[in-house]
Amino acid sequence: VFSFKMLDRYVFKNRSSYVMWYLMWRTLNGLHEKITLSFMVKGHTKFSPDGYFGLFKIQYQKKNIDWIGDVVECVREASSNSIIPLPYGLSLKRKKPLFHFYDWKSFLSKFFKDIPEITAYNYFLLSNKNLGKLKLKKSPKDKERTMILLKNEHKRFTGSIKMPKILKPLDLTQDRREYLNKKISPLVFDPKKKFYYALKELSLK
Numbered sequence: 002v003f004s005f006k007m008l009d010r011y012v013f014k015n016r017s018s019y020v021m022w023y024l025m026w027r028t029l030n031g032l033h034e035k036i037t038l039s040f041m042v043k044g045h046t047k048f049s050p051d052g053y054f055g056l057f058k059i060q061y062q063k064k065n066i067d068w069i070g071d072v073v074e075c076v077r078e079a080s081s082n083s084i085i086p087l088p089y090g091l092s093l094k095r096k097k098p099l100f101h102f103y104d105w106k107s108f109l110s111k112f113f114k115d116i117p118e119i120t121a122y123n124y125f126l127l128s129n130k131n132l133g134k135l136k137l138k139k140s141p142k143d144k145e146r147t148m149i150l151l152k153n154e155h156k157r158f159t160g161s162i163k164m165p166k167i168l169k170p171l172d173l174t175q176d177r178r179e180y181l182n183k184k185i186s187p188l189v190f191d192p193k194k195k196f197y198y199a200l201k202e203l204s205l206k
């Protein structure tokens with residue numbers, strides 16, 4: 002059983018059909034028996050990660066940021082234990098990525114349909130007792146509305162769990178590299194760091 006609450010600050014990102022598709026996919030694959038998702042009322046602006054952005058902002062104001070390495074250093078020095086916030090990326094000399102980004106939208110859109118007026122609802126319930134069905138309410142006292150989320154209501158996910166393709170970052174275009182080299186490099190405060198804006202270095206490959 003999985004239950005969590007979310008603030009309404011990023012309503013069009015968090016409260017979207019894509020999020021519900023993903024949660025339904027997890028339920029249909031037997032990863033959860035029941036998932037409840039509750040959103041707090043509109044107008045809330047307090048969000049716990051904001052404090053971490055505040056710590057980062059303090060460090061950012063003290064430093065000259067010439068390249069991505071300076072941003073990483075700024076993040077690491079934002080808290081005393083260097084754990085939160087946490088910089089991430091293969092550019093940090095990790096052999097393997099800590100996370101993968103998947104093309105969930107394209108993958109899940111084959112199986113599920115959009116939820117009309119989803120931003121009007123605050124409470125959502127998915128359960129393995131009602132596979133493929135989403136229960137939703139606008140307020141705690143409202144009667145639940147049931148919606149079949151599957152395009153094919155008889156579709157079932159059997160066998161091994163199939164995953165979408167991994168999204169990989171695109172390399173910089175030649176035009177973008179030339180722009181950074183000509184327009185941004187002259188603004189670099191530390192002469193030693195101009196090296197990072199050389200054309201041969203401006204590549205993710």
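Going by my numbering, the first residue of the sequence shown is number 2, and it counts up by one from there.
The C-beta atom is built at its ideal place from N, Cα and C for all residues, glycine as well.
Problem - Close beta carbons around residue 26, own chain, < 7 Å, minus the five adjacent residues each side - result: 109
* Nearest CA to the CA of residue 149: which residue from 107, 119, 192 and 114? -> Per the Cα distances, 114.
Check: To which residues of the same chain is residue 105 closer than 8 Å at the C-beta, ignoring the five residues directly before and after it?
Finding: Sequence-distant partners of residue 105 (beyond 5 residues in either direction) whose C-beta falls short of 8 Å from its own C-beta, in its chain, are 19, 22, 23 and 165.
Item to check | Inter-residue spacing [alpha-carbon to alpha-carbon] between residue 63 and residue 118 | outcome: Rounded to whole angstroms, the separation of the alpha carbons of residue 118 and residue 63 is 45 Å.
**Own chain partners of residue 102 with C-beta closer than 6 Å, once the 5 adjacent residues on each side are dropped** = 168
Review point. Distance, Cα to Cα, residue 77 vs residue 191?
Key: 20 Å
- Tell me residue 135's beta-bridge partners as DSSP assigns them. 127 and 148
For residue 28, count neighbouring Cβ atoms within 10 angstroms of its own Cβ and tell me buried if that reaches 16, exposed if not. Burial is judged here by how many other beta carbons sit within 10 angstroms of a residue's own beta carbon; residue 28 has at least 16 and is buried.
* Would DSSP call residue 18 helix, strand or coil? -> DSSP, read as helix, strand or coil, puts residue 18 in helix.
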